[in-house]
Each structure stands twice: as C-alpha cells, then as structure tokens.
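Going down the list, the sequences are from chains P and F.
This note's numbering numbers the first residue of the first sequence as 399 and each following residue consecutively.
This note's numbering numbers the first residue of the second sequence as 399 and each following residue consecutively.
Here's the structure we're looking at; comments come further down.
Protein chains: 2
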Amino acid sequence: MQPIKAIIFDVFGTLVNWRGSIAREAQHLLQPLGLRVDWLAFADAWRAQYQPAMEQVRSGQLAFCKLDALHSRNLALVLADLGITLDAATFKQLNLAWHRLDAWPDAAPGLHALRSHYRLAPCSNGNISLMVDLARRNGFAWDAILGAELARDYKPKPEVYLNAASAFDLEPSQTLMVAAHSSDLAAACAVGLRTAFIARPDEYGPNTGELQPGLAVDYAAASVLELARQLGVTSRQQEHSQQ
Amino acid sequence: MQPIKAIIFDVFGTLVNWRGSIAREAQHLLQPLGLRVDWLAFADAWRAQYQPAMEQVRSGQLAFCKLDALHSRNLALVLADLGITLDAATFKQLNLAWHRLDAWPDAAPGLHALRSHYRLAPCSNGNISLMVDLARRNGFAWDAILGAELARDYKPKPEVYLNAASAFDLEPSQTLMVAAHSSDLAAACAVGLRTAFIARPDEYGPNTGELQPGLAVDYAAASVLELARQLGVTSRQQEHSQQ
Chain P
399 MQPIKAIIFD VFGTLVNWRG SIAREAQHLL QPLGLRVDWL AFADAWRAQY QPAMEQVRSG
459 QLAFCKLDAL HSRNLALVLA DLGITLDAAT FKQLNLAWHR LDAWPDAAPG LHALRSHYRL
519 APCSNGNISL MVDLARRNGF AWDAILGAEL ARDYKPKPEV YLNAASAFDL EPSQTLMVAA
579 HSSDLAAACA VGLRTAFIAR PDEYGPNTGE LQPGLAVDYA AASVLELARQ LGVTSRQQEH
639 SQQ
Chain F
399 MQPIKAIIFD VFGTLVNWRG SIAREAQHLL QPLGLRVDWL AFADAWRAQY QPAMEQVRSG
459 QLAFCKLDAL HSRNLALVLA DLGITLDAAT FKQLNLAWHR LDAWPDAAPG LHALRSHYRL
519 APCSNGNISL MVDLARRNGF AWDAILGAEL ARDYKPKPEV YLNAASAFDL EPSQTLMVAA
579 HSSDLAAACA VGLRTAFIAR PDEYGPNTGE LQPGLAVDYA AASVLELARQ LGVTSRQQEH
639 SQQ
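Okay, here's the thing in structure tokens:
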C-alpha cells in the first residue's frame, strides 16, 4: 500500500454547516423586507435543487458552469415557488450566501494539524472563489483549490477525483478523499482513491446525517481532529484540547 | 477606476530565482556523478527551451500538458546536446529541480503583507504541483493556484489572464498582474488587467534583467515589499525592517 501524500475534502456538509448558515443568511437578508419564511425549510428547498442542476452538467445537457451559476438558477426556482420577488442586488447577495458558510468547529484545527504532514485541498463541487471565501472566513489553509472548476465537471463523476490526484502529481492510491457522504466516497473509491468518512449527524437537521459509512472505508471518524489522530498526526490529548 | 481586489503573480524570475536555484540543483545531482558542466550555462540552456516548448502548445501543435512534462522534454534535449545520459531516477529528480527554486528575499514578506488586503494567486505557466511545492518551500500563502493548468494554455495567451480574474469572480480591471517581464504585463494589459512591474535586474545573471518596464504600468517597484507600500498596505518603515 502506497503512503498517503495528499488529503482532499468534500466541503458542503463535511467541513461546513451549509444548512444552518444558509438559513441564517436568508433570514438576515429577507426578514427585514417583511418576508416570513421557515428559514431552515428555505435552506433545504434550495439544497434540494443542487443535485438535479449538477446532473444537467454531468449528463452533458448543460455546458459546465460554476456552482454559483447553478445556485442562482436554483434560487430563482425556490423564490418563484414561494412567490417572492427580489431586486437584483438582494438576489445576488443572497446567492452569495454560499460564500459565507460557517465551518463545523473541528474543521479548521483538524486541517491545521493535517497540513504539517499532507498536502491539502478541497475537492468540492463549489467554485474556486466560493472555496477561497470559505477558507478566508473559516481559517482553512489549503495548498490549492481543486475540484469541479478545475476538472470542469461535477462529482461524483470520476474525472473530478482523478483530476485532483493528478494535480498533486499523485496516484489515486496516494490520495485520501474525506467526506460525510457514502456516495462521494464510493465514487472516489471506485477510481482508486483512499477514503475517510466523517460523521456529520446533524447535516440536514438533528440526527439526519449518516452515522456510519455505507461502504468499507480506510478511516472513519467523528471529526477532522479525530481523523488527524487516526493518521498519527496528533495525540488523543491534543485532539481533546483542540475540540 | 474600479478598486483592485486581487493580485496575481508571475513566479519564475518575478518571485523566485530560477537560474541560481537550477544551477545549484544540477550541480548537487550531477557533480557527484563525475560530470563537469558550467552550471549556470546549464540552467540557461534549459530555460532557453522554455518558450519554444510552450509555443507548440499555444499554437495548437501540441495538446496542453503540464510544464513538468515540457521541462522533461527540454531537459532531454539539453542533456543530449551535452552528451550526458542519466538513469531514470536521476533524470526525474533533476526535472523536479523546478519544484525546489528559492524565492527572492522580499517575496514571502511582501506576499504576507499584501494578503491581508487582497486575494493572492500565482498566474504562472508552472503547473499546480510545482506552485504548491514552491509555496511550501518559500512560505508563500496563496488563496488559490491559478494560471496555465487551470486555463489549459500558456501565457501570454489572453485566456490565461482572463481565466485567473474570472476564477476570483472579478473583472480584469479589478485584478493586478505582477511580473518582472514587460511582455507578460503587456499581454495582461491588453485584456484589461492592471499591471505592476517588479525589477529583477539579476534574473539571467548580474544586470541582465529589465530595470524599467517597457510599457506604461500602474505600479513599478524594486520589490514585492515596495509594491505593498505603494498600495498602502505597509509603511516605508515596515518595508525596510522586513528587507
């Protein structure tokens, strides 16, 4: 077995709490306009359009475009369903709520610990500018921004994982994919990457997320800090003091 | 005039001293094999193949490939000219000398100062892994690795500059291109980017580099730290204490 040289991460759900952050951002922008909405349901409705929009790109129906553009199209659908009309500036500001997501508390210290031993990058469907804004907001220190915009296709297409390993000049087996979603890890595993599952039980609300991976993985942990300990980067004591 | 939001950098020559570093790496690897070569001339000969190789990609004769692959092809030419044969492992190690270049002394502190106010990325013809290795070696903190591998073409093709601005969701006029070479700045300027010239008089040996830009630029400085002062990020005192 070749040693792991780089670790690549799913971001939405795995490192950041998109649901709570989108609900907060939507409330912050729309409540002052007199709008009354179930903000968590709003976040869920927007997210529900995520896979269908990407599927149009994956299937070749739609040319590759940044996730920001798909989010914009999806937001228009969700607002229309709710009978809400926004001015262009507010719409744009709301669409960029995905650039203002907050990390799970263990994410930044876990990445910081891992970075001394491994090359790190997001392998997300989010575009580069979105990843840059999340990194600045949450203190993620990446070596590079890999993922959909570089590969010009969306996960779980195999090219996205292979392109990320190749950008680091690595074999898939030298690259560890980290995600809270078994489907993401299954796609990475199918093209030879190593896999690590992080449990995010509250991703879609309390006790909604996967507690255990639905496939055999190389690592399974409850946090990025626990993964760092499993990889021998930090001790159990450090793990607990940083949590 | 729109405010500058991001600064993108040429790397070879502008931030790192490729000539001295390649000469040192070649000597370190080849002298123990009993080879006697003018090491600076070796670096110059290898670099002389750089533009012709990229031109094959720019012109469409050759499909895009990473600069590492072009460097490998060029190295084979240079070694053949010198009548040198290397085993595969030494050849590969020598080819990766471009991942082990040392920065000019002002580069890392200058980038560090600029990063608090601007998004920063390399816009180099070097591939992502090469940029990652140079960043780790020299303490460059980038927001993203932009440039040739993302654009899948080589500077000075306009797409490379436009792709870098677009990756940050910026207009060209919100993006400042920094280089020690007027040709690079002229190409960036032609597609609407702002321009900053850094003088690197010793790039090809003492007093060989451009002292002044050969075009009208927005900024001209003797170091990245001086550019940071011109942009109002650091004081003259900070500039001198960090040099």
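All C-beta atoms, glycine included, are put in the ideal place defined by N, C-alpha and C.
None of the values given here were measured: they were computed from a predicted structure.
With respect to proline 611(P), serine 580(P) sits close: the two C-beta atoms are nearer than 9 Å.
Of all residues in the region 548-562 of chain P, only Leu548 come within less than 8 Å of chain F when Cβ atoms are compared, listed by chain position.
Of the candidates Tyr516(F), Phe410(F), Ala578(F), the residue whose Cα lies closest to the Cα of glycine 607(F) is Ala578(F).
Counted as a single uninterrupted DSSP element, the beta strand (DSSP E) harbouring proline 520(P) occupies residues 517-522.
One Cα belongs to leucine 568(F), the other to tryptophan 416(P), and the distance between them is close to 24 Å. Contact note: arginine 471(F) does not reach chain P at a C-beta cutoff of 7 Å; the least C-beta distance is about 17 Å. Among the residues facing chain P, valine 622(F) is not included, as its CB has no counterpart in that chain under 9 Å away. In the DSSP secondary-structure assignment, glycine 545(F) is bridged to Ser522(F). For the pair arginine 634(P) and glutamate 624(P), the Cα-to-Cα distance works out to about 8 Å. Within the same chain, no Cβ atom closer than 7 Å to the Cβ of proline 604(F) is found once the five residues on either side in sequence are excluded.
Boundaries of the alpha helix (DSSP H) around valine 558(P): 556-565. Chain-ordered listing is empty here: chain P has no CB closer than 9 Å to the CB of isoleucine 406(F), the nearest sitting near 13 Å.
At least one C-beta of chain P is nearer than 9 Å to the C-beta of arginine 534(F). Arg517, Ile526, Ser527, Val530: these are the residues of the region 503-532 of chain P whose beta carbon lies less than 7 Å from some beta carbon of chain F, given in chain order. Inter-residue distance for arginine 498(F) and leucine 532(F) is about 6 Å (C-alpha atoms, whole angstroms). By DSSP's assignment, threonine 632(F) forms no beta bridge with any residue.
In this structure, alanine 519(P) sits near leucine 544(P), with a CB-CB distance shorter than 9 Å. For the pair glycine 524(P) and alanine 549(P), the CB atoms are not nearer than the 9 Å cut-off. Within chain F, no C-beta atom comes less than 9 Å from the C-beta of phenylalanine 410(P); the nearest is roughly 18 Å away.
The Cβ of phenylalanine 489(F) sits no closer than 9 Å to any Cβ of chain P. Residue burial annotation: glutamine 572(P) is buried, with at least 16 other C-beta atoms found within 10 angstroms of its C-beta. The beta carbon of alanine 565(F) falls within 9 Å of a beta carbon belonging to chain P, placing the residue at that interface. The C-beta of tryptophan 540(P) comes closer than 9 Å to at least one C-beta of chain F.
About 11 Å separates the beta carbons of alanine 451(P) and leucine 473(P), which is beyond the 8 Å limit, so they are not a contact pair. Residue state for tyrosine 448(P) is assigned as helix, using DSSP reduced to three classes. Note on geometry: alpha-carbon atoms of proline 503(P) and alanine 421(P) lie some 18 Å from one another.
Pairwise C-beta distances place the region 582-594 of chain P in contact with the region 551-559 of chain P, as three or more of them are shorter than 8 Å. The beta carbons of alanine 565(P) and isoleucine 526(F) sit closer together than 9 Å. Straight through space, the alpha carbons of glutamate 453(F) and valine 631(P) are spaced by roughly 44 Å. Taking a 10 Å sphere around the C-beta of alanine 614(F), we find fewer than 16 other C-beta atoms and assign the residue as exposed.
Counting the other CB atoms within 10 Å of its CB gives alanine 626(P) a total of 16 or more, which places it among the buried residues. For the alpha helix (DSSP H) assignment, the uninterrupted runs of no fewer than 4 residues enclosed by the region 409-468 of chain F are, from N- to C-terminal side, 416-428, 437-446, 448-456.
For the pair valine 435(F) and leucine 484(F), the CB atoms are not nearer than the 9 Å cut-off.
Exclusion of the five residues before and after valine 622(P) leaves Asp504, Ala505, Gly508, Leu509, Ile596 as the residues of its chain whose Cβ lies within less than 7 Å of its Cβ. Methionine 399(P) sits in coil when the DSSP states are folded into three classes, being neither helix nor strand. Here the alpha carbon of glycine 458(F) sits roughly 27 Å from the alpha carbon of arginine 456(P).
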